[in-house]
Each structure stands twice: as structure tokens, then as C-alpha cells.
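From first to last, the protein sequence lines are chains B and R.
Take any residue in the first sequence, count from 1 to its spot, add 62: that is its number in this note's numbering.
Take any residue in the second sequence, count from 1 to its spot, add 23: that is its number in this note's numbering.
For glycine and all other residues, C-beta sits at the position ideal for the given N, C-alpha and C.
Given the structure is predicted, the values throughout are model-derived calculations rather than measurements.
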Amino acid sequence: MAFWNDRRTRGYLYQIAALGGVVLVGGILVSNTLDNLARQNIATGFGFLDREAGFGISEHLVDYSPADTYLRALCIGLLNTFRISAAGIVLCSLIGIVVGFARLAPNILVARLASVYVEITRNIPVLLQLFFWYAVVIQAFPPPAAAWEPITGVFLSNRGIAIPWPGLGAPVFEGFNFRGGAVLSPELSALLIGLSIYTSGFVAETVRGGILSVPKGQLEAARAVGLTRFQVLRFVTMPLALRAIVPPTTNQYLNLTKNSALAVAIGYPDFVSVANTTINQTGQAIEGVALIMAAYLTISLVISALMNWFNRHVALVGERS
Amino acid sequence: MNRNVLMWVAVVVVSAIGGALIQGMMEPKSTPAPNAQKSDAPKSAAAPAAPAAPGASTSATLEAVKARGNLSCGVNTGLAGFGIADSQGKWTGFDVDICRAVAAAVLGDAEKVKFTPLTTQQRFTALQSKEIDILSRNTTWTLARDTSLGLNFAAITFYDGQGFMVKKASNVTNAKSLNGATVCVQPGTTTELNLADYFRSNNMKFQPVVIESLQELTGAFVAGRCDAMTTDVSGLVSIRATQAQPNDYLVLPETISKEPLGPVVRHGDDQWFDIVKWTVFAMIEAEEKGVTSANVDQMKSSDDPAIKRLLGVTAGNGEALGLKEDWAYSIIKHVGNYGESYDRNITKQLGLGRRINALWLEGGLIYGPPVR
């Protein structure tokens with residue numbers, strides 16, 4: 063039999079041909095783009111990453127000054143994106159679980175309030191919610207010179223919440239702003255509140271759906287063997303419900319992370335904000351956008367991987383019981 | 024059997040497409056003139072092979088504008104005095120007048136302009152990708168923009184500088200006392216860099232609040248999120264003028280940077296570059312010679328040889344630029360001279376006098392090369 067009549071060999075050949083086609087098209091796109099950019103005298107390449115950034119960034123988890131490079135500035139932005147995503151995921155889960163349970167509460171008032179909450183948060187565009195919370199945060203609080211001090215050493219003003227922090231000392235008002243201590247800025251607060259509340263509406267519905275998906279017989283059987291309400295919840299409802307809850311919740315976590323790019327609208331220096339500034343200072347839009355896409359793709363894949371691992375974990379527990 | 028045939032057909036099609044693409048990729052590289060722009064290939068192919076006679080149109084942008092019948096001009100999304108649309112959608116402003124002047128010079132009609140409002144972040148890409156023919160949007164001329172963005176700055180129409188605005192209630196009266204302040208700034212501008220430079224060179228600290236939309240940013244400043252707001256002084260004056268209580272705000276006396284603003288064109292189209300450049304210079308020359316939109320018709324019979332050349336009574340300038348001889352007449356008739364545009368837009372709208380933007384004859388920096 064000639065090799066081209068062999069099903070397997072032919073299969074490989076087709077695969078190679080298809081792969082070749084994809085690589086070819088990709089190569090042509092890249093080469094054409096570079097060609098056109100060179101023809102228009104527009105600089106290309108990632109050499110700009112080593113140059114001095116020259117602009118300030120208000121929030122940085124590690125040291126940063128305008129004398130640092132673009133690479134460091136972008137890392138600062140990436141860390142800020144991590145920070146808002148991680149905090150948002152935790153907060154939206156907590157609110158979502160509470161509201162999800164509340165929607166199933168026997169108390170009608172609680173259940174109705176929870177469903178009103180879900181409908182409002184899910185159905186208003188997240189960008190509007192962010193503008194709303196930012197306006198609330200900067201309009202409702204007094205200027206720093208007249209900051210509220212609910213607890214000694216803790217100051218609330220339109221510059222954020224300043225609290226004493228080990229190693230950083232206690233905040234002191236000096237000149238224009240508070241010095242020392244840890245500060246939760248209005249931008250970060252508004253973004254955290256806005257994203258968490260918006261996403262918590264979806265998470266609550268997922269939680270409610272997951273709990274309702276547990277067969278009634280299981281619960282009745284659990285009661286019949288004498289488990290308390292808490293024990294039913296802990297050993298029967300949750301393990302079974304989690305299997306239905308985790309996969310759609312992963313989507314919500316990914317959405318929250320991607321929505322955090324809206325930070326640019328209210329001045330939180332996330333990765334997109336820093337990358338945008340970089341694009342503008344260097345004029346290298348294609349490289350900048352490629353970096354943004356690569357960063358979000360990486361973050362999303364990491365979150366997916368973690369959630370899939372967690373999903374396998376709960377699925378096994380569920381099947382063993 | 025049918026499946027096998029299909030598979031082979033697929034392979035052949037893929038290789039055919041691949042082959043065609045490779046050829047397509049090789050083709051532009053093998054053409055003798057690598058600087059020819061792709062989009063004007065058919066036109067240059069149709070043009071005679073001999074070098075074009077001086078004055079004959081070889082500018083791709085000029086050809087495109089003439090064929091389209093209007094000029095596509097990138098302007099500010101809304102900055103009083105420079106580029107702003109009224110409730111009827113009519114654009115006015117100093118930068119807008121430059122667009123109208125170029126349209127008057129090229130098409131003989133100052134109204135044949137399509138305005139594209141652009142943010143600081145969109146403006147260069149829009150010009151590079153040929154979405155607009157000219158960018159006239161209070162853009163600062165810097166070395167990096169002139170070189171690595173593939174752009175050319177045609178002329179300086181307005182000498183600006185970056186400043187700070189504070190609330191009067193804060194009792195701040197000079198920029199040196201802003202140490203530790205929170206400063207509201209727009210991203211993607213030289214402003215952001217000058218701000219960092221200024222505080223660094225004076226060993227002062229600051230916290231930037233960076234918001235793209237000027238309206239949102241101004242809102243944050245007015246709400247007290249920032250102690251100071253920074254942008255070009257003309258911009259600050261413009262923002263101050265549109266507040267409910269302009270007197271609550273103070274523009275600090277320091278100017279921390281040089282911001283020469285002017286129209287921008289794409290690199291590589293020299294004739295178009297010349298047209299935009301000389302449009303600005305013609306407006307300046309007209310002011311110098313006292314030619315205004317009101318008296319331009321009488322001035323046509325002037326005995327001054329410079330005015331005769333400017334208005335095309337003595338022919339030559341138009342042909343050299345590849346335009347009609349009445350190009351400058353058309354600019355002055357429909358838009359006015361430099362001073363008229365300045366007074367109409369900046370003095371009247373913003374209350375900002377000529378200062379360094381006065382003519383060189385009056386001690387300012389506005390100086391145009393001779394139009395001859």
C-alpha cells in the first residue's frame with residue numbers, strides 16, 4: 063500500500079498542511095505590518111522598554127519613580143491589576159454567597175431585598191457604576207484638612223482612607239495630604255466597590271442556582287438520618303452545590319479581571335492605564351496593545367487553571383460521598 | 024473516496040492561497056521605489072514616468088483631498104477657543120481655523136472640512152492611518168513625535184506653556200509651594216512628563232491622578248480630589264472660563280514648559296507638508312501687511328509688491344505650491360489673517376491676550392518666512 067493511502071499518514075499530512083497555512087498567514091501579517099510601519103517611518107520593536115518612563119504613577123506596591131524604565135512602570139501597572147483583581151474576587155465572592163443564600167431565605171423581606179439587589183447590580187452597566195461610586199467617594203467625604211477621624215489614627219477624606227500600618231507609622235496630615243500609614247485611595251476604593259458589587263449580582267445567582275440544583279431527596283435523606291441544619295449544609299448541600307457553582311463562577315472571576323481595565327476611566331493606574339500612557343509617549347501602539355493582550359491572556363489562563371484545579375478537587379469530594 | 028478527493032482539494036486550495044500570499048508579500052519588496060505608499064500605487068502608475076514638472080500635483084494627500092472634495096481634519100473633542108462644536112454641530116476655534124484655512128487654500132471653500140474629534144490617545148494613530156489629512160489639535164512639537172511617530176510638524180501657530188490651576192481657597196499662590204500635592208493630569212501628553220520633570224527637578228513630591236476624559240478629570244479637580252490641575256495654560260484658562268464660578272480658581276504664574284503647538288501632517292508627503300506650512304505663514308504675512316478678511320478685495324489693487332505676491336496678483340506662489348494663484352486670497356477672504364483668528368477665538372473666548380503670540384514686529388514670537 064502506498065503511503066498516501068494510509069489513513070494515519072494522510073491525517074498527519076493534512077495536519078501539517080493546515081499548520082503550515084496558519085503559520086504562513088501569521089507570518090505574512092507580521093511581515094506586512096512591519097513593512098508598512100517601516101515605510102511610514104514609525105519605530106518598531108520592544109527597545110523602548112529599557113528607556114526612562116518619565117511619568118509618575120500614584121499607586122505602587124513596590125518602589126517606583128519617574129526615573130525608572132517603562133518596563134518597571136508596566137510591572138507596577140500589572141501588580142495594580144493583580145491587586146484589584148484579587149481583592150475584587152474575594153469581595154464579590156463573599157457578597158455573592160451572602161446574597162445568594164439570602165435569595166433563598168424563608169424570610170420574604172430578606173429574599174425580596176436580595177432579589178432587588180441582584181436585579182439592580184446586574185442590570186446597570188459596570189462603567190456607570192464605577193462613575194457613580196467614584197463620584198460618591200470624592201464628593202461625599204470632606205477635604206483632607208477637615209478629615210473625619212472615627213477611630214484615633216484613622217482618617218476618612220476625599221483622598222481616601224488613611225490608617226496606621228506596621229512599618230509605615232501613623233498617618234499625619236501635612237501640607238496637602240496624609241504622610242505615613244497605609245492609604246486606600248478613592249480610585250481603588252471606587253473600583254473595588256464597583257467591580258465587586260456588579261459581579262456579586264451574577265455570583266449570587268450562580269450560588270442560588272447551585273443550591274437549588276441539589277436534589278430534594280438528598281436533603282430529606284440527610285434530615286432523616288438526624289443531621290442538624292448546619293450539618294446538612296456543610297456535608298450535603300455545599301459539596302453538591304459547589305460542583306454546579308464553580309464553573310460559572312470562574313467566568314465571573316474572569317469577567318471581573320477583564321472589567322478591571324475600566325480603571326482607566328476613574329484614574330486607577332492599572333496595567334491598561336500605564337500601557338496606554340506608554341503607547342502615547344513612545345507611539346508604539348502595536349507593541350503596547352500586544353503587551354496588554356498578552357498580560358490579560360496570561361492572567362485569565364492562570365485564573366482558569368486555578369479554578370479548574372479547584373473544580374476537580376470539589377468534584378472528587380462530591381463523588382466520594 | 025469522496026472524502027479523499029475533498030481532502031486533496033483542501034490541500035491544493037491551501038497551498039494555492041499560500042502561494043498567492045507569498046507572491047503578494049514579495050511583490051512590494053521587489054518594486055524599485057520602496058518609499059512609494061501603497062495606496063497611491065495606481066495613481067503613481069498612471070503618472071508619466073518622467074519627473075513631474077514643478078508645481079504639478081504629485082502629492083497623494085492633495086490628490087485625495089481634491090478627489091474627495093473635502094479636507095479631513097483631526098481636532099480636539101472640545102476645548103473652548105481651540106476646537107469645539109456648538110449645539111448646531113458647527114466647529115469653531117483657533118485650531119479649527121487652520122483646518123478651514125487649508126481647505127480654503129486647496130479647495131477654495133473654507134466650509135469643505137470634515138472634522139474628526141480625537142482624544143490625546145487617538146490623534147497620532149488617526150493621522151498615521153490616513154483617517155485624517157491634517158491634525159490640528161493643540162499638539163506639542165517634540166523631537167520624539169517628529170521622528171519616531173512618522174510625522175511632520177508644519178509650523179508653530181501658538182506658543183503655549185504648561186501651568187497649574189488651584190482653588191483660590193487653598194491659598195496657594197505659586198507652584199513651588201505645591202510639594203506633596205495631588206495633581207490632576209490627562210494621560211498620553213507631554214504634560215504628564217513635564218509634571219514629573221518639574222517636581223523631580225525641584226525635589227518635590229506629588230501624587231498624580233490620571234484620568235483620560237477631560238470632563239471627568241475636571242470634575243475630580245472641582246470636587247477636591249486634587250489640589251492642583253495641570254495642562255497648557257491656554258487649556259487651563261479655557262477650563263476656568265467654563266466653570267460656574269471662574270473666580271474661585273487661580274492659574275498660577277509659573278510656566279513650567281515650552282509647548283509649541285501647531286498642525287501636523289504625515290512624514291513623506293513633502294508637497295502637502297509645504298501647503299500646510301505656507302497656509303500658516305500666509306496668515307501671518309497677511310497680518311503683518313494689514314490684509315484682513317474685510318479689506319482683502321481692496322488690497323488686491325495695492326501697490327505693495329509683497330501684497331501683490333501674497334494675493335496672487337503677481338503669479339508664481341500658487342504654481343510653486345501646486346495650488347491656484349488665489350490660494351492665499353481665499354484663506355484671508357474666508358478665514359482671515361492670523362490676528363483675526365486669534366482675536367475671534369482666543370482673546371474673545373478665553374480673555375487671553377497676544378503676549379508672546381504677538382507678531383515679531385510687536386515684540387512677540389510670531390514670525391513667518393517671506394511669502395515669495
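R91/R, buried or exposed, once every other Cβ within 10 Å from all chains shown has been counted against 16:
Of the residues assessed, R91/R falls on the exposed side of the cut-off, its CB having fewer than 16 other CB atoms within 10 angstroms.
Residues in the same chain with beta-carbon distance under 7 Å from V199/B, minus the five sequence neighbours each way, listed in chain order, please.
When the five nearest sequence neighbours on each side are left out, the beta carbons in the same chain lying within less than 7 Å of the beta carbon of V199/B are those of P248, S251 and A252, in order along the chain.
Excluding five sequence neighbours on each side, which residues of the same chain lie with their C-beta closer than 6 Å to the C-beta of K61/R?
Low confidence applies to K61/R: its pLDDT is 40, below 50, so where it sits in the model is not reliable enough to give any reading.
Check D109/R in the structure and name its three-state DSSP category.
DSSP places D109/R in the coil class of the three-state scheme, outside both helix and strand.
Which residues in chain R have a C-beta closer than 8 Å to the C-beta of I328/B? List them in chain order.
Neighbours of I328/B in chain R, taken as residues whose beta carbon is under 8 Å from its own, are I234 and E239 in chain order.
In DSSP terms, what Y272/R is bridged to
Looking at the DSSP assignment, Y272/R forms a beta bridge with K190/R.
For E211/B, which residues of its own chain have a beta-carbon under 8 Å away from its beta-carbon, when the five flanking residues on both sides are left out?
When the five nearest sequence neighbours on each side are left out, the beta carbons in the same chain lying within less than 8 Å of the beta carbon of E211/B are those of F217 and L218, in order along the chain.
Using 8 Å as the Cβ pair cut-off and three pairs as the minimum, do the stretch 235 to 254 of chain R and the stretch 176 to 188 of chain R touch?
By the C-beta criterion, the stretch 235 to 254 of chain R is judged to be in contact with the stretch 176 to 188 of chain R, since at least 3 inter-stretch pairs fall below 8 Å.
With the cut-off set at 7 Å, would you say T205/R and Q238/R are in Cβ contact?
For T205/R and Q238/R, no; Cβs fall outside 7 Å.
Can you check whether the C-beta of G272/B is within less than 7 Å of a C-beta belonging to chain R?
Under the 7 Å criterion on CB atoms, G272/B is classed as non-interfacial with respect to chain R.
So M300/B is in the alpha helix (DSSP H); what residue range does that whole segment cover?
Unbroken alpha helix (DSSP H) run through M300/B: M300 to N321.
Since F147/R meets chain B, which of its residues come closer than 9 Å, beta carbon to beta carbon?
Around F147/R, the beta-carbon contacts reaching into chain B at under 9 Å are N342, G345 and A347.
Exposure of R395/R, with buried meaning 16 or more beta-carbon neighbours within 10 Å:
When all chains shown are included, R395/R counts as exposed.
Can you list the alpha helix (DSSP H) stretches of 4 or more residues lying completely in the stretch 228 to 306 of chain B, in chain order?
The DSSP assignment places 248 to 274, 278 to 286 and 291 to 294 as complete runs of the alpha helix (DSSP H) inside the stretch 228 to 306 of chain B, in order along the chain (cut-off: 4 residues).
Buried or exposed, going by whether 16 or more other CB atoms sit within 10 Å of the CB of Q77/B?
With fewer than 16 other Cβ atoms from the protein chains shown falling within 10 Å of its own Cβ, Q77/B counts as exposed.
To be precise: take each residue of the stretch 166 to 198 of chain B, compare its Cβ to all Cβ atoms of chain R, and keep it if any distance is under 7 Å. Which residues remain?
Taking 7 Å as the upper bound on Cβ-Cβ separation, chain R lies near no residue of the stretch 166 to 198 of chain B.
Let me know the beta strand (DSSP E) ranges lying completely inside the stretch 224 to 262 of chain R, each 3 residues or longer, listed in chain order.
229 to 233 and 251 to 255, all fully within the stretch 224 to 262 of chain R.
Classify M355/B: buried if its beta carbon has 16 or more other beta carbons within 10 angstroms, exposed otherwise.
Result: exposed.
For chain B, check one thing: does any of its Cβ atoms lie closer than 7 Å to the Cβ of D293/R?
It does not: the Cβ of D293/R has no partner Cβ on chain B nearer than 7 Å.
Rank N220/B, E236/B and F240/B by C-alpha distance to the C-alpha of P226/B and give the top, closest one.
When only C-alpha atoms are compared, the closest one is F240/B.
Compare the C-beta of G88/B against all C-beta atoms of chain D and say whether one is closer than 7 Å.
Of the protein chains in the structure, B and R, none is chain D.
Based on Cα-Cα distance, which residue from K137/R, I307/R, M227/R and A198/R lies nearest to E277/R?
A198/R is the residue among K137/R, I307/R, M227/R and A198/R whose C-alpha sits nearest the C-alpha of E277/R.
Rounded straight-line distance, which links the Cα of K137/R to that of R270/B:
Taking the straight line joining both Cα atoms gives about 54 Å.
What residues are listed by DSSP as bridge partners for E282/R?
Residue pairing by DSSP places E282/R opposite D183/R in a beta bridge.
Cβ closer than 7 Å: which chain R residues qualify as neighbours of R221/B?
The answer, in chain order, is T205.
Beta-carbon proximity of G335/R to Y361/R, cut-off 7 Å:
No; because the gap between Cβ atoms is not below 7 Å, this pair is not in contact.
With 16 as the cutoff for other CB atoms within 10 Å, does E363/R come out buried or exposed?
By the neighbour-count rule (16 or more Cβ atoms within 10 Å), E363/R is buried.
Give me the chain R residues within the contact set of A105/B, using Cβ-Cβ distance strictly less than 7 Å, ordered along the chain.
Correct list: S171.
Pairwise C-alpha distance: A79/B and L281/B
Within the model, the alpha-carbon separation for L281/B versus A79/B is close to 56 Å.
Applying the criterion that 16 or more other CB atoms from any shown protein chain within 10 Å of the CB defines a buried residue, is Q268/R buried or exposed?
Q268/R comes out exposed.
Should I354/R and A317/R be called a contact, given that it needs their Cβ atoms to be closer than 7 Å?
No, the pair does not count as a contact, with Cβ atoms beyond the cut-off.
Three-state secondary structure (DSSP) at I138/B?
Helix at I138/B.
Closer than 8 Å by beta-carbon distance: list the chain B residues that pair up with P140/R, in chain order.
By Cβ distance, chain B contributes nothing, its closest Cβ being about 17 Å from P140/R, past 8 Å.
Counting only Cβ pairs nearer than 9 Å, list the residues of chain B close to A246/R.
Chain B residues near A246/R: A197, I200, Q201 and N220.
Based on Cα-Cα distance, which residue from F238/B, F194/B and E267/B lies nearest to I157/B?
For the residues F238/B, F194/B and E267/B, the minimum Cα distance to I157/B belongs to E267/B.
Report the residues of the stretch 205 to 227 of chain R with a CB closer than 8 Å to any CB of chain B, ordered along the chain.
Answer set for the stretch 205 to 227 of chain R: T205, P210, G211, T212, E215, L216, L218, A219, D220, F222 and R223.
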